[in-house]
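What follows is a short report on a single structure.
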Amino acid sequence: MTQYLLLNRIKVQNANAVAGFTWGFPAITHFLGFTHNLSRKLARSKYQGVSLKGCAVVAHEHHVHTFGKYNDRFLQSKTPAYLLGDVNKVVQGGAPSIVEEGKMNMTVSLVIEFDGFIGREVGELLSWVKRQCLMQRLAGGSILTIGDVKLLDGNNQQDIFKLKRVLLPGFVLMDRSNYLAEHYQNCLSKNSEAEQLDAWLDFIVLKQQARPISTLISKHLQGMDDSTLYDIWLEHLEQPYSNNIPQELSEYFSKLEESKKTKLLLKQWEEYMNPTGKTDADWQYLSKPKVGYLVPIMTGYKAISSVYDNCDIANTRDSETPVCFVEAVHSVGEWLGVNRLKNGEDIASCLWTYQYDDGWYLCQQIIQKEIEESDIEQQVLALFDPIDDLV
């Protein structure tokens, strides 16, 4: 029996907005750490017969603490001095050091896989979970309120409808590392020296490319009786600009006689074929390798050293745990509208879990499948789920 623990509308203040190379939303490791901490508390309570597993993250609102014309600078704060050097500086009349960090406020919902049987103690358990969550930190931020805590049956379609309804409007974070792997292989087929960083950046950066102005060419081809050449031209315009001009167009314009009427047209065609630094051009955004609300995400850590005994490393958190140096692992994610989730299988595909390997600590989704667009009729039916049954 599949059950889900819903923590709905968690309002978090001053959460960490920086994750590895990325900023704007906490790393998925924060949310799995929150779930793991709650699961450990359950194991030490009278509810030790239950456990928490994977976790799905749904974002409703977010506000990063930034300023500037393009919101490109983090707001910084001065915290009370606690290091000896800062204390002495403050005593002498100086200001405390600025803590360089990125913070944000957010409202998120967590859907956590729940394993165990509670029986008649469901209400008491949910109250206990809510109290414990309010005392925890989420992504380093303080939890202000939690809208509601519910336990839902993942095998009951009506419960799935209820879950989907309370999560709207919202976007669930999906793992799209398969997109990155596929695009990297495509890059290698074109350039054997391509690196994974190049493939990752293709999903992130906004790229523009100049295309020589071709208004006269488009107008001329559109006015022809035969639309074949115009269709070929439109297909060519959909691709990033290159000197690889369709042969049919090259042959047509090479045979077109120059006259007073076609002089400017042929001149524009020549400049389109062989542009120079002085050629007028339009700037076009290049599309990303895949379609969707794709974002860079941090998904775990990779060991860059061997494991050391605690006594060999200074300034560790405790005096017992072995120490290993790591660096962040980055991938590609997608914010998927909750309305795209149709059944329990789709909900299960949203759950992030820990994956361990030699030297790797990753957060992944067990079921990595795209939720395909259904036909129009199914989409309309999904938008108008039986509201009476959801109450």
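The C-terminal residue of the sequence shown carries number 1160 in the working numbering, and the numbering is unbroken. The beta carbon of each residue, even a glycine, is placed where N, CA and C say it ideally should be. All values reported here derive from a predicted model rather than from experimental measurement.
Taking the CA atoms as reference points, Gly-992 sits about 23 Å from Asp-1049. A direct Cα-Cα distance of roughly 22 Å separates Leu-907 from Asp-884. Boundaries of the alpha helix (DSSP H) around Gly-802: 797–812. Runs of the alpha helix (DSSP H) lying entirely within the segment 964–1031, each at least 4 residues long, are 965–971, 984–991, 997–1006, 1016–1024 in chain order. In the structure shown, Gln-772 adopts extended strand secondary structure according to DSSP, grouped into three states. Here DSSP, grouped into helix, strand and coil, assigns Leu-1120 to coil.
The Cβ-Cβ distance between Cys-1132 and Thr-798 falls below 8 Å. Every alpha helix (DSSP H) of 4 residues or more that sits fully in the segment 921–966 is shown, in chain order, as 926–936, 946–959. Rounded to whole angstroms, the Cβ separation of Ser-1100 and Leu-949 is 6 Å, and the two are in contact under 8 Å.
For Cys-902, the enclosing alpha helix (DSSP H) starts and ends at 891–904.
Judged by beta-carbon spacing, Asp-971 lies beyond the 8 Å limit of His-989, meaning their Cβ atoms are not closer than that value. Ile-1116 is positioned such that its CB atom lies closer than 8 Å to that of Val-880. Here Ala-812 is exposed, its C-beta having fewer than 16 other C-beta atoms within 10 Å. The three-state reading of DSSP puts Cys-1132 in strand, counting E and B together.
A Cβ-Cβ contact shorter than 8 Å links Glu-1096 with Lys-1071. For the pair Pro-938 and His-829, the CB atoms are nearer than the 8 Å cut-off.
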